[in-house]
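Colleague:
Residue numbers (our numbering), protein chains in the order written: chain E, 1 to 439; chain S, 1 to 345.
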């Protein structure tokens, strides 16, 4: 809206300014032209000089002013009637995932909506001087969890609802960052669980990160998380910033999501859980072969149940190398829920053919709706043991997959999951295809 | 289900290995990707300098029309740093880029060959809002100064500050792209902007005044550009590289001819720079001087000095010998073939 208002103002200023310029005497006009080209006779000679022609009359000038006022009123009315407005800056985005799945020996297959997410985000306070901004995110989602009978229905749940305040200045890339986030958010644990949608290679999450069957790493929780980094290295020749250490620690309700992935909003006991994560990044220049090498460790300690008497601990580590064109991630996570101990790990190797993850390359001056097509084939091995004290219950999933980024915000994912269950010898490999678009 | 698995594996195999095998078999690339850090910053896909001439006149497409080689042109909004990023990720084969980002990229390990000069001695300006009381570089102390860090203007600012006994830490530097620099100066969210001809445009619109230009300083303080090829491409396709440099030199020769001045300017302003601004930038220089491609002593010393300066200012960690970076063979061959050995001397 403000842009349009500015546009009206500029048009008005231009019209009135020109009219005033014409109404002024010749000497004034010449002075203004000369002032706009200080000390540059050649430039003035090349451009056609503005000539003072017949001055407009006051009536004509008033007429122009009246036309501008009418135009402004017309625009104002159009804005009021046809434009949605908010009190603060707002970016409205969304994600939709249409999925097709079929499985050996399954009783049904077909299309489903894996997830629908609407995000509302922006700045509540903008600090132009130092970047101590206060930002918000509010999102609604129809999560990907299934009902007990395996079906899904369309239920909407708050996904994220938080405010982030930057405690330290954030404008200089050579300085460390520190922020605090309060509200419903991801807990600081793990690698895949914290990755954005475009960085997650598989259609289905790693088994350890899933709600219900796993240890719920991907689920949001309510609480406060402090996040920051230390010893940042900034390579100005590439605008590349990498902190040697990243850290985050949070105090959370710890209730997480229910068995179907729907997040809960309030705590069920007096105990608060603590989660923390530290990442050591290779502090190297952008063109170093070690760029993208990181080691992370995560820890979570809490209690569950209405009495808060059931131990709920998680720990894990991850090693990742994300460079061009190849990369890998290794992630291990273990959890304790009461007396039950669980563990899982994933190993993913991928290859990027294209510039999907080269931000500078994507920002080009082009007329058309251009975007670099990228193919990302990958292989993943995912092992999950739901109870380490019991033999014969491990489940392995080997995924052969391909991600095709074919438009700026759209990708097609194809996964073939080779499933091996110690407790189930029936062939149950599955094929998944998912179209994900964001706007 | 087994068929599905086989299809996915076959698809992946084709993607990973398919493209490279066909290129290797032909011993010439299907496509040559050229990236330029020199765009006007107004969103139009046209480059500045000699590479802008090559692109706008379609000279490479014409030269290689019988070879089946396509050319992909990238004009980066992120200027030098984005060009470096693309080189590091093997997204481009040739680059037209300013002095400091090229130095920083090479010092950081980019494997490029410096194969020709270009965009020599363009100016950097310091602009302030019209009603600002800032009149000199010394007045910038403690002020909010906008700069596109990592670009060649960064090197010039360092030199300007040193000459005025100031350090970067004496200023509040805001790292902004060209469009953001202009917007921030207009709205007075910064007190000064260190930038290029976009400041001349702001001035002509009545939104800024220029308090400093490198025109008033030693020529070596100005920006220069250059033309680069990745070592990998040059090694795989030496003849294609030679022919591309030859076309580049032909374009420079054409652009150096004063009888082409009007057409040269028509191309130079395609990116959105007003003609008057383009003229003011090259005021007092011949087109031959502007479009000189040689590795002459002053030009090479400019880079050698830039390397030392960048090291002293902590912009790079490792220095290197500029002469090991420069590969004159392509340029010398082109000059000889076109009988231009003495044209720019």
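Ideal Cβ positions, reconstructed from N, Cα and C, are used throughout, including at glycine.
With residue 227 of chain S and residue 46 of chain S assumed to form a contact (beta carbons below 8 Å), what rounded beta-carbon distance in angstroms separates them?
Modeller: No, residue 227 of chain S and residue 46 of chain S are not in contact; Cβ-Cβ is about 17 Å, not under 8 Å.
Colleague: Can you list the alpha helix (DSSP H) stretches of 4 or more residues lying completely in the stretch 58-83 of chain S, in chain order?
Modeller: 59-63
Colleague: Just list the residues that DSSP pairs residue 115 of chain E with in beta bridges.
Modeller: E/97
Colleague: Name the two residues that bound the continuous beta strand (DSSP E) containing residue 232 of chain E.
Modeller: 220-235
Colleague: Report the three-state DSSP secondary structure of residue 52 of chain S (helix, strand or coil).
Modeller: helix
Colleague: Measuring only the C-alpha atoms, how far is residue 182 of chain S from residue 173 of chain S?
Modeller: 15 Å
Colleague: Straight-line CA distance for residue 291 of chain S to residue 207 of chain S?
Modeller: 31 Å
Colleague: Just the chain E side, please: which residues come within less than 7 Å of residue 119 of chain S by C-beta, in chain order?
Modeller: Residues of chain E passing the Cβ test: none, with the nearest at roughly 17 Å.
Colleague: Rank E/406, E/245 and E/384 by C-alpha distance to the C-alpha of residue 293 of chain E and give the top, closest one.
Modeller: E/245
Colleague: Would you say residue 326 of chain E lies against chain S (beta-carbon separation less than 8 Å)?
Modeller: Answer no: the Cβ-Cβ gap between residue 326 of chain E and chain S never drops below 8 Å.
Colleague: Measure the CB-CB distance between residue 238 of chain E and residue 88 of chain S and report whether it falls below 8 Å.
Modeller: yes
Colleague: Short of 9 Å Cβ to Cβ, which residues in the stretch 222-238 of chain S face chain E?
Modeller: Going along the stretch 222-238 of chain S in chain order, one finds no residue with a Cβ nearer than 9 Å to chain E.
Colleague: Confirm, please, whether the CB-CB distance from residue 276 of chain E to residue 248 of chain E is below 8 Å.
Modeller: yes
Colleague: Over what stretch of residues does the alpha helix (DSSP H) that includes residue 248 of chain S continue unbroken?
Modeller: 238-256
Colleague: Report the rounded CA-to-CA distance for residue 141 of chain E versus residue 211 of chain E, giving the unit in angstroms.
Modeller: Residue 141 of chain E and residue 211 of chain E: Cα-Cα distance of roughly 15 Å.
Colleague: Among all the DSSP beta bridges, which residues are the ones paired with residue 407 of chain E?
Modeller: In the DSSP assignment, residue 407 of chain E forms a beta bridge with E/410.
Colleague: Quick check: the Cα distance between residue 23 of chain S and residue 30 of chain S, rounded to an integer number of angstroms?
Modeller: The pLDDT assigned to residue 23 of chain S is 49, lower than 50, so where the model puts this residue is not dependable; a value taken from the coordinates is nonetheless given after this. The alpha-carbon atoms of residue 23 of chain S and residue 30 of chain S are separated by roughly 6 Å.
Colleague: What does residue 367 of chain E reach in chain A if we use C-beta pairs closer than 7 Å?
Modeller: Absence of chain A from the displayed structure is noted, the protein chains being E and S.
Colleague: Which chain E residues are close to residue 149 of chain S, counting only those with a beta carbon under 7 Å from its beta carbon?
Modeller: 236
Colleague: How big is the Cα-Cα spacing for residue 327 of chain S and residue 405 of chain E?
Modeller: 38 Å
Colleague: Just the chain E side, please: which residues come within less than 8 Å of residue 358 of chain S by C-beta, in chain order?
Modeller: Because residue 358 of chain S is not part of the residues shown, which for chain S are 1 to 345, the question remains open.
Colleague: For residue 185 of chain E, which beta-bridge partners are listed by DSSP?
Modeller: E/221
Colleague: Taking its Cβ as the centre, do 16 or more other Cβ atoms sit within 10 Å of residue 338 of chain S, making it buried, or is it exposed?
Modeller: exposed
Colleague: The alpha helix (DSSP H) that contains residue 313 of chain S, what's its start and end?
Modeller: Element bounds for residue 313 of chain S: n/a, residue is neither H nor E.
Colleague: Please name the residue in S/68, S/48 and S/156 whose C-alpha comes closest to that of residue 346 of chain S.
Modeller: Here chain S covers residues 1 to 345 and nothing more, so residue 346 of chain S does not appear.
Colleague: To be precise: take each residue of the stretch 172-200 of chain E, compare its Cβ to all Cβ atoms of chain S, and keep it if any distance is under 8 Å. Which residues remain?
Modeller: 172 and 173
Colleague: Do you know offhand how far residue 103 of chain S's Cα is from residue 235 of chain E's?
Modeller: 12 Å
Colleague: Counting pairs of beta carbons, one from the stretch 141-150 of chain S and one from the stretch 211-223 of chain S, are three or more of them closer than 8 Å?
Modeller: With the rule of 3 Cβ pairs closer than 8 Å, the stretch 141-150 of chain S does not count as touching the stretch 211-223 of chain S.
Colleague: Opposite residue 147 of chain S in the DSSP bridges: which residues?
Modeller: S/175 and S/194
Colleague: Taking C-beta pairs closer than 8 Å, name the residues in chain S that residue 358 of chain E reaches, listed in chain order.
Modeller: 85, 86, 89 and 91
Colleague: For the stretch 105-122 of chain S and the stretch 164-172 of chain S, state whether three or more C-beta atom pairs, one from each stretch, are separated by less than 8 Å.
Modeller: No: fewer than three Cβ pairs fall under 8 Å.
Colleague: Is the Cβ-Cβ distance between residue 188 of chain E and residue 233 of chain E less than 8 Å?
Modeller: Not closer than 8 Å, so no.
Colleague: At which residues does the beta strand (DSSP E) containing residue 331 of chain E begin and terminate?
Modeller: 326-337
Colleague: What in chain E is Cβ-close to residue 175 of chain S, meaning under 9 Å?
Modeller: Those within 9 Å of residue 175 of chain S in chain E are 171, 172, 173, 236 and 239.
Colleague: What are the boundary residues of the beta strand (DSSP E) that includes residue 384 of chain E?
Modeller: 374-385
Colleague: Name the DSSP beta bridge partners of residue 345 of chain E, please?
Modeller: E/332 and E/383
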